[in-house]
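Colleague: Numbering (the working numbering), first residue to last: 7 to 137. Idealized CB from N, CA, C, for every residue including glycine.
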Amino acid sequence: MIKDVFVVDASAHSYNLREDNYAAGRYSRGVVDAFYGAHYGLSPVGYRLPREQFARDWTLAETAKVLFVESDYDFACHHVTPINAFKDGGCSIEKAREAREDGLSGFRFMLEWIPYFQSRRSTRSSSRSKS
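1) Using 10 angstroms around the beta-carbon of leucine 73, count the other beta-carbons present and answer buried if the total reaches 16, otherwise exposed.
2) Closest to alanine 102 by C-alpha separation, out of Thr65, Ala91, Glu76, would be which residue?
3) Does DSSP classify aspartate 105 as helix, strand or coil?
4) Among Ser98, Ala105, Cys83, Tyr42, whose alpha-carbon lies nearest the alpha-carbon of glutamine 59?
5) For aspartate 10, which of Tyr21, Arg62, Ile89, Tyr79 has the nearest alpha-carbon?
6) Kindly indicate which residue of Ala105, Leu55, Ser17, Ala16 has the alpha-carbon position closest to the one of alanine 67.
7) In angstroms with no decimal places, state the Cα-to-Cα distance between glycine 4 and threonine 87.
8) Where do the N-terminal and C-terminal ends of the beta strand (DSSP E) with phenylalanine 81 fall, by residue?
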């Protein structure tokens, strides 16, 4: 809370930015470069992570700590993401399920993207195998 105001992060993610999660090689690296550039450019000195600490597979516990211990958030919506540059979409449904099952306090989960994402992935995979 900030001055008795309930603080919400409406779009939290536990990204997997590791190279072994790249689905599109150098294009995936470009997405990670953009994410890291935004982090570095928008974060004040003293809060900037080195690239090797940023571009990794973030756990739910780490995301919760950043949100609820190291900052003033009281609540967050944890989203899965359909970013085709990553094999798991960038932030997987498995992480959301894990958090929901573990009952991580302060999180709500946005799962409605998944049917769209799964249908896109299967269409994309089948079209790739034909070429």
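Modeller: Looking at the coordinates:
1) Numbered from its first residue, the sequence shown carries residue 73 at position 67. Buried is the call here.
2) As a position in the sequence shown, residue 102 is number 96, starting the count at 1. Cα-wise, what sits closest to alanine 102 is Thr65.
3) Your numbering for residue 105 matches position 99 in the sequence shown. The question names aspartate, yet the displayed sequence has alanine at residue 105. Helix at alanine 105.
4) Sequence index remark: in the sequence shown, residue 59 carries index 53 (1-based). Nearest to glutamine 59 by C-alpha distance, out of Ser98, Ala105, Cys83, Tyr42, is Tyr42.
5) The residue given as residue 10 occupies position 4 in the sequence shown. Closest by alpha carbon: Tyr79.
6) Numbered from its first residue, the sequence shown carries residue 67 at position 61. Closest by alpha carbon: Ala105.
7) Residue 4 is absent from the structure shown; the chain starts at 7 and stops at 137.
8) As a first step, residue 81 is located in the sequence shown; it is residue number 75 there, counting from the start. Looking at the DSSP string, the run of the beta strand (DSSP E) that includes phenylalanine 81 is 81 to 85.
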